[in-house]
Amino acid sequence: MSLPTLHDLHRPLGSTGLLVSPLGLGTVKLGRDQGVKYPNGFQIPDDDAARMLLKQARELGINLIDTAPAYGRSEERLGPLLRGERKDWVIVSKVGEEFVDGQSTHDFSAAHTRMSVERSLQRLETDFIDLVLVHSDGNDLAILNDSEVYATLAALKAEGKIRGFGFSGKTVDGGLKALEQGDCAMVTYNLNEQNEKAVIDYAAAHGKAILVKKALASGHVCLSPGVDPVRASFELLFAQPGVASAIVGTINPLHLAHNVATVAQVLRGH
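Under the UniProt record's numbering, the first residue of the sequence shown is numbered 1, with each subsequent residue one higher.
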């Protein structure tokens, strides 16, 4: 019996015109292993292992890949790894957060935003990035109201360097404000944390896109015996009409296959 895949379950990313798999591959673990909140330690995979993981993801019907300058070497590794396959992937990256020598810093200025996108284009070896999100430091409204980051992303979209833009924030107010002018919000939504549901509801009502981070609570979910936490997490998520896709950052091929099979079952109602 062949494994379930997501090839026929791609869905619109809001009104961007992009179609994405309901599960996206997060790539923080391809680029950095410092200052990450996971229950177990891990080793950054070498190029062969990373290439195999990307090939497996593609064969399972995943076309959405999520990276960021703050993910250490993730972008610069993905460039060569995705050579010749650009058309197969919808690439999401970020602006606003830098990670150097184990430390995060934030810069939401126009100059830094433009530099960051140009650098991502070079690292990813591409002429355009499908979606660029602002990597919030938690002061969501201040970033949106007082910095030039959104106006700069809108200009980069008009120039064709990015297809869409949005916000990866930490507050309901920030998410709602971000969706007024942007294409997408990335929110935390899982069995432990559901306080950003209002942002998902707004997106559903206004044709905007939602990507979910920490869908599996970064691997921390604990439920009563006999309940599959992965299945319960995806049932919760995909019951929300606003959700386009969940970004899950696994580097374990078995976990990846299990996640895909579970999402396929949940979306097909099995």
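Glycine residues also receive a C-beta, built at the ideal position from the N, C-alpha and C atoms.
All values reported here derive from a predicted model rather than from experimental measurement.
{"Item": "I'd like to know whether the C-beta atoms of residue 61 and residue 131 end up nearer to each other than 8 Å.", "Value": "no"}
{"Item": "Grab me the residues of residue 59's own chain with a C-beta within less than 8 Å of its C-beta, minus the 5 sequence neighbours each way, in chain order.", "Value": "5"}
{"Item": "What's the call for residue 169, buried or exposed, on a 16-neighbour Cβ count within 10 Å?", "Value": "buried"}
{"Item": "Please state the DSSP three-state secondary structure of residue 65.", "Value": "strand"}
{"Item": "Can you tell me which of the three DSSP states residue 112 falls into?", "Value": "helix"}
{"Item": "Given that a residue counts as buried once 16 or more other Cβ atoms are within 10 Å of its Cβ, and exposed if not, what is residue 135?", "Value": "buried"}
{"Item": "Express the C-alpha separation of residue 162 and residue 72 in angstroms, rounding to a whole number.", "Value": "21 Å"}
{"Item": "Taking the C-alpha atoms as reference points, what is the distance between residue 246 and residue 25?", "Value": "9 Å"}
{"Item": "Taking only runs that begin and end inside the segment 202-246, name each unbroken alpha helix (DSSP H) of 4 or more residues, in chain order.", "Value": "229-238"}
{"Item": "State the start and end residues of the unbroken beta strand (DSSP E) segment that holds residue 94.", "Value": "90-95"}
{"Item": "Can you list, in chain order, the residues of its chain whose CB lies under 6 Å from that of residue 90, leaving out five sequence neighbours each side?", "Value": "18, 20, 63, 64 and 130"}
{"Item": "CA-CA distance, residue 236 and residue 197?", "Value": "11 Å"}
{"Item": "Let me confirm a value: residue 10 is counted as buried when at least 16 other C-beta atoms fall within 10 Å, else exposed. Which label applies?", "Value": "buried"}
{"Item": "Can you have a look at residue 151 and say buried or exposed, based on whether 16 or more other CB atoms are within 10 angstroms of its CB?", "Value": "exposed"}
{"Item": "Classify residue 36 as helix, strand or coil using the three-state DSSP reduction.", "Value": "coil"}
{"Item": "Between which residues of its own chain and residue 137 is the CB-CB distance below 6 Å, once the five residues before and five after are set aside?", "Value": "106"}
{"Item": "Counting along the chain, where does the beta strand (DSSP E) carrying residue 130 start and finish?", "Value": "129-135"}
{"Item": "Can you say whether residue 203 is buried or exposed, counting buried as having 16 or more other CB atoms within 10 angstroms of its CB?", "Value": "buried"}
{"Item": "Based on Cα-Cα distance, which residue from 180, 99 and 222 lies nearest to residue 33?", "Value": "99"}
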